[in-house]
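Asks: I'd like to ask some things about the structure below.
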Amino acid sequence: MTPTRGGNDTTGGPALDGQALDEVVRFTSDLIRIDTTNRGGGSCWERPAAEYVAERLSDAGVEAHLLEAAPGRTNVVARVEGHDRAAPGLLVHGHLDVVPAEAADWSVHPFSGEIRDGVVWGRGAIDMKNMDAMMVAVVRAWQRLGLRPRRDVVFAFTADEEDSADAGSSFLADRHADLFAGCTEGVSESGAFTYYGTTPGAERVRRLYPVAAGERGTAWLRLTARGRAGHGSKINHDNAVSRLAAAVARIGEHRWPVRLTPTVRSALTELAQLYGVKAELDAPDFDVDALLAELGSAADLIAPTVRNSTNPTMLDAGYKVNVIPGSATAYVDGRVLPGCEAEFEATLDALTGPGVAWEYHHREVPLSAPVEAPAFAAMRAAVERFDPDGHVVPYCMAGGTDAKQFSRLGITGYGFSPLKLPPGFDYAALFHGVDERVPVEALHFGVRVLDHFLREA
10 MTPTRGGNDT TGGPALDGQA LDEVVRFTSD LIRIDTTNRG GGSCWERPAA EYVAERLSDA
70 GVEAHLLEAA PGRTNVVARV EGHDRAAPGL LVHGHLDVVP AEAADWSVHP FSGEIRDGVV
130 WGRGAIDMKN MDAMMVAVVR AWQRLGLRPR RDVVFAFTAD EEDSADAGSS FLADRHADLF
190 AGCTEGVSES GAFTYYGTTP GAERVRRLYP VAAGERGTAW LRLTARGRAG HGSKINHDNA
250 VSRLAAAVAR IGEHRWPVRL TPTVRSALTE LAQLYGVKAE LDAPDFDVDA LLAELGSAAD
310 LIAPTVRNST NPTMLDAGYK VNVIPGSATA YVDGRVLPGC EAEFEATLDA LTGPGVAWEY
370 HHREVPLSAP VEAPAFAAMR AAVERFDPDG HVVPYCMAGG TDAKQFSRLG ITGYGFSPLK
430 LPPGFDYAAL FHGVDERVPV EALHFGVRVL DHFLREA
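Each residue of the sequence shown is one higher than the last, beginning at 10 in our numbering.
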């Protein structure tokens, strides 16, 4: 049985004490109260949150480096040495910035950090000041209890993840690579949270913990159509707006073909076995959509990542209703599976057609991490140690994280920020959503699991 206040964990080894459980809640609340809203364009100010983290690490005797790409855009990096000096290092990273929140839409003020009825409320409670708090609480507990991880663990608290990462993980990877020397793997957000998977009819319910072992690449596109400017009353077959609109419609309606990456194949295989569903992924007539339908709500973890995607999001053309502009611009949110970049670009060339040019507005690489790796096995073991009835399954993130930037250093990234959540708690909806919150018990579970994983991995 999992202890509620310190004691030994279920391996019989030393566990976190009650102070660590109290601190993870307090630190989450305190960090939420520090408004680190990132509206893009360099407007964020993460320094107060970075200083808060650095002070608590320094108080525990751990050297914390404050690193700025620009004034106020502050990152924190600290290393805790492991006892196996021959083992490669492990990176744990969390971002300090958050997306905007409109207070009028919330039940509580989004930057109150209020703790009510066993729940911590506020922007960042899920994405991802909860994980930041777990990281700090674990380090402090190790120092207090005389514990050490097996291998070096580097803790990074980053700026700017909610925009371009230029002032955060990109800056760290490009300018401070030495701080991550020896790290071969990393863990961060969007993994090991409770997901209640039900089959159609809800006959079978499984408590799943999806751990990310891949990310689709970011391919934000700018489309530009050019034509002949003129009077709106004149016939004009060289109309940039018409040309752009046709290209945008083709892109929006395009049905991308199925491409099963190794991570997605593993996810489908494990979920099919768990639910007793037949899955012949290599059969000539294999229909992934039919298989997903049999997996019920668990399919939502996989469906966004069996294909590339392109969603038109912005249009910009003209300045007066009776003037045909000479150019028109659109933006498309594209996401690309690992190994599919060349196909993606060739398809965009065909879909845009003559008279419409496209380019990358922002681009980041897709990622893939091995599910068979010892690190993944250690994550699975840590979660299932504290929830024996839970089932860890791999999945690929539809979006992206700071792991993309750290991959430049040869660090393989996984999504692992553990939380045990009650039924009906919609984790995904709270990302960038209204009334973001996290249960206190979920934080207690998460800090125990993170501690166990980091000491055993």
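The beta-carbon is built from N, C-alpha and C at its ideal position, and this holds for glycine as well.
1) Spatial neighbours of Asn467 within its chain, please: CB distance less than 8 Å, with the 5 preceding and 5 following residues excluded, ordered by chain position.
2) Met388: which of Ala146, Arg464 and Val345 sits nearest, CA to CA?
3) Return helix, strand or coil for Asn84, following the three-state DSSP convention.
4) To the nearest angstrom, report how far apart Val458 and Phe395 are at their CA atoms.
5) DSSP on Ala254, reduced to helix/strand/coil?
6) Could you please give the first and the last residue of the uninterrupted alpha helix (DSSP H) stretch that includes Gly122?
7) Would you give the residue range spanned by the beta strand (DSSP E) that Ser318 belongs to?
8) Quick one: complete alpha helix (DSSP H) runs, 4+ long, within the region 383–452?
9) According to the neighbour-count rule (16 or more other Cβ atoms, all chains shown, within 10 Å of its Cβ), is Gly21 buried or exposed?
10) Start and end of the alpha helix (DSSP H) containing Asp68?
11) Taking the DSSP output, what are the residues bridged to Thr233?
12) According to DSSP, is Pro313 helix, strand or coil?
13) Report the three-state DSSP secondary structure of Glu262 (helix, strand or coil).
14) Could you say which of Leu66, Asn248 and Ala299 lies nearest to Trp151 if we only look at CA atoms?
15) Alpha carbon to alpha carbon, how far is Ala134 from Ser318?
16) Check each candidate in Arg417, Leu324 and His263 and name the one with the smallest Cα separation from Ala186.
17) Can you tell me the Cα-Cα spacing of Leu439 and Trp115, whole angstroms?
18) Determine contact between the region 121–137 and the region 91–98, defined as no fewer than three beta-carbon pairs at a distance below 8 Å.
19) Round the Cβ separation of Val286 and Leu304 to the nearest angstrom and send it over; I've been treating them as touching at under 8 Å.
20) Within its chain, find whatever has a CB closer than 7 Å to the CB of Gly200; leave out the 5 residues flanking it on each side and keep chain order.
21) Less than 9 Å separating the beta-carbons of Leu269 and Ala307?
22) For Ala407 versus Arg225, is the C-beta spacing smaller than 9 Å?
23) Please report how far the alpha carbon of Ala384 lies from the alpha carbon of Gly70, in whole angstroms.
24) Run through DSSP, which three-state label would Ala182 get?
25) Kindly give me the distance between the Cβ atoms of Ala378 and Thr421, rounded to whole angstroms, as I take these residues to be in contact under 8 Å.
26) For His461, which three-state DSSP category applies?
27) Below 8 Å CB to CB, which residues in the same chain sit around Glu354 once its five sequence neighbours on both sides are set aside?
28) Return the Cβ separation of Leu181 and Val456 in integer angstroms, given the expectation that the two are a contact with Cβ distance under 8 Å.
29) Measuring CB to CB, does Gly343 end up less than 9 Å from Ser173?
30) Can you check which of these residues, His400, His461, Gly98 and Ala73, is closest to Tyr204 by C-alpha distance?
31) How about Glu170: is its Cβ closer than 8 Å to a heavy atom in the ligand FMN?
Replies: Walking through what the data contain:
1) Here the chain has residues from 10 to 466 only, and residue 467 is not among them.
2) If you number the sequence shown from 1, residue 388 lands on position 379. Checked all of Ala146, Arg464 and Val345; the closest Cα to Met388 is Arg464.
3) The sequence position of residue 84 within the sequence shown is 75, counting from 1. Asn84: strand per DSSP, three-state reduction.
4) One-based indexing of the sequence shown puts residue 458 at position 449. One-based indexing of the sequence shown puts residue 395 at position 386. Straight-line Cα distance between these residues: approximately 7 Å.
5) Numbered from its first residue, the sequence shown carries residue 254 at position 245. Residue state, collapsed to three classes: helix.
6) Counted from its first residue, the sequence shown places residue 122 at position 113. It is not in any alpha helix (DSSP H) - Gly122 carries neither H nor E in the DSSP assignment.
7) Position 309 of the sequence shown, counting from 1, holds the residue named residue 318. Counting along the chain, the beta strand (DSSP E) containing Ser318 begins and ends at Ser318 to Ala326.
8) 383–395, 412–415 and 436–439
9) For the purposes of this step, residue 21 is taken as the residue at position 12 of the sequence shown. Residue placement at Gly21 cannot be trusted, given a pLDDT of 43 that sits under 50; the coordinates are not used to answer.
10) Translated into the one-based positions of the sequence shown, residue 68 becomes position 59. From DSSP, the alpha helix (DSSP H) with Asp68 extends over Arg56 to Asp68.
11) As a first step, residue 233 is located in the sequence shown; it is residue number 224 there, counting from the start. Note: Thr233 sits in a beta bridge opposite Thr338 and Ala366.
12) Reading the sequence shown from its first residue, position 304 is the one you call residue 313. It is helical.
13) As a working mapping, residue 262 is identified with position 253 in the sequence shown. Three-state result, Glu262: helix.
14) Start at 1 with the first residue of the sequence shown, and residue 151 comes out as number 142. The candidate whose alpha carbon is nearest that of Trp151 is Leu66.
15) Position 125 of the sequence shown, counted from the first residue, corresponds to residue 134. Position 309 of the sequence shown, counted from the first residue, corresponds to residue 318. In a straight line, the C-alpha of Ala134 is about 29 Å away from that of Ser318.
16) Walking along the sequence shown from the start, residue 186 turns up at place 177. Residue Arg417 is the option with its Cα nearest to Ala186.
17) Here residue 439 refers to the residue found at position 430 when the sequence shown is read from its first residue. Here residue 115 refers to the residue found at position 106 when the sequence shown is read from its first residue. Those two C-alpha atoms are separated by around 12 Å.
18) no
19) Residue mapping note: residue 286 aligns to position 277 of the sequence shown, counting from 1. Residue mapping note: residue 304 aligns to position 295 of the sequence shown, counting from 1. About 6 Å; that satisfies the 8 Å criterion.
20) Indexing the sequence shown from 1 puts residue 200 at position 191. Excluding positions up to five away in sequence, the list reads Pro219, Val220, Ala221, Tyr423, Gly424, Phe425 and Ser426.
21) Counting from one through the sequence shown, the residue named residue 269 turns up at place 260. Counting from one through the sequence shown, the residue named residue 307 turns up at place 298. No, the pair does not count as a contact, with Cβ atoms beyond the cut-off.
22) In the sequence shown, counting from the first residue as 1, residue 407 sits at position 398. In the sequence shown, counting from the first residue as 1, residue 225 sits at position 216. A contact, by the Cβ cut-off of 9 Å.
23) The sequence position of residue 384 within the sequence shown is 375, counting from 1. The sequence position of residue 70 within the sequence shown is 61, counting from 1. Distance between the alpha carbons of Ala384 and Gly70 is about 28 Å.
24) Residue mapping note: residue 182 aligns to position 173 of the sequence shown, counting from 1. The answer is helix: DSSP assigns Ala182 an H, G or I state.
25) For the purposes of this step, residue 378 is taken as the residue at position 369 of the sequence shown. For the purposes of this step, residue 421 is taken as the residue at position 412 of the sequence shown. Ala378 to Thr421, Cβ: 5 Å. Contact.
26) Here the question's residue 461 lines up with position 452 in the sequence shown. Residue state, collapsed to three classes: helix.
27) Here residue 354 corresponds to residue number 345 of the sequence shown, with the count starting at 1. Cβ within range, chain order: n/a, list empty.
28) Along the sequence shown, read from residue 1 onward, the residue named residue 181 stands at position 172. Along the sequence shown, read from residue 1 onward, the residue named residue 456 stands at position 447. Between Val456 and Leu181 the Cβ distance is about 24 Å, and since that is not below 8 Å, they are no contact.
29) Counting from 1 along the sequence shown, the entry for residue 343 is found at position 334. Counting from 1 along the sequence shown, the entry for residue 173 is found at position 164. No; because the gap between Cβ atoms is not below 9 Å, this pair is not in contact.
30) Counting from 1 along the sequence shown, the entry for residue 204 is found at position 195. Here the closest residue by C-alpha is His400.
31) Absent from the structure shown: the ligand FMN. Ligands present: none.
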